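Okay, so here's the structure we're looking at.
Chains as they are written, first to last, in UniProt numbering: chain X, 1 to 102; chain G, 1 to 102.
Right, here's the structure in full:
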């Protein structure tokens, strides 16, 4: 079996670091991104989550690549603004995960 | 050429009514929907539009089927909650069009 190149192993560790910081999110490459679907019981809860998402986003200075929502769901994609997801980008994902399960 | 059935012509008039009430939107069927992409110069303008969209949505009691946004764009889909788009659904589309060009 061929040894992973230095680049491959650094990519893997970046992915593993992001996923351990933000459990419940899905990872994708090109660009490195975290994706998660949040489901809610009512439009009111969805709107509350969106408001708090905006607050966290402002506080961390991180703007999700895309937010896609309907009355009872919010799909969030956070993409790396650099070569890998930054600490703040991972923290936003982690905070949103906590918000949704709070 | 075959005459359109009563159903077909009522569908066409519903589509024409919606598009004349909400210029700049695209029409699609199943379900009858209006779609439009709004482009903005900054994340701040995007957020302002989203806030006002939420106000209009509350005021008219109409919740868009889907809102999909990034830092400088907002894609809005308003789908008929009944057999055809209601007056309020068309009004929300018209209001959003005015907001974006104001």
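Note that the Cβ used here is the ideal one computed from N, Cα and C, for glycine as well.
None of these values were measured; they are calculated from a predicted model.
Nearest to residue i (by Cα), restricted to the options the options
| i | options | result |
| --- | --- | --- |
| residue 67 of chain X | G/63, G/74, G/25 | G/74 |
| residue 14 of chain G | G/82, G/70, G/38, G/54 | G/82 |
| residue 37 of chain G | G/29, G/54, G/12, G/46 | G/46 |
| residue 32 of chain G | G/95, G/5, G/10, G/72 | G/10 |
Cβ of residue i within 8 angstroms of any chain X Cβ
| i | result |
| --- | --- |
| residue 70 of chain G | yes |
| residue 63 of chain G | yes |
Residue-level contact to chain G via CB, residue i, 8 angstroms cutoff
| i | result |
| --- | --- |
| residue 67 of chain X | yes |
| residue 54 of chain X | yes |
Interface residues of chain X facing residue i [CB-CB closer than 9 angstroms]
| i | result |
| --- | --- |
| residue 48 of chain G | Chain X residues near residue 48 of chain G: none, gap ~12 angstroms exceeds 9 angstroms. |
Straight-line Cα distance separating residue j from residue i
| i | j | result |
| --- | --- | --- |
| residue 21 of chain G | residue 78 of chain G | 13 angstroms |
| residue 84 of chain G | residue 18 of chain X | 45 angstroms |
| residue 7 of chain G | residue 97 of chain G | 29 angstroms |
| residue 42 of chain G | residue 52 of chain X | 20 angstroms |
| residue 48 of chain X | residue 58 of chain X | 16 angstroms |
| residue 100 of chain X | residue 100 of chain G | 31 angstroms |
| residue 29 of chain X | residue 16 of chain X | 13 angstroms |
| residue 27 of chain X | residue 76 of chain X | 12 angstroms |
| residue 23 of chain X | residue 12 of chain G | 49 angstroms |
| residue 35 of chain G | residue 63 of chain G | 14 angstroms |
| residue 54 of chain G | residue 44 of chain X | 11 angstroms |
| residue 95 of chain G | residue 95 of chain X | 34 angstroms |
Distance CB(residue i)-CB(residue j) smaller than 8 angstroms
| i | j | result |
| --- | --- | --- |
| residue 80 of chain X | residue 87 of chain X | no |
| residue 50 of chain X | residue 91 of chain X | no |
| residue 65 of chain X | residue 70 of chain G | yes |
| residue 25 of chain G | residue 102 of chain G | no |
| residue 72 of chain X | residue 39 of chain X | yes |
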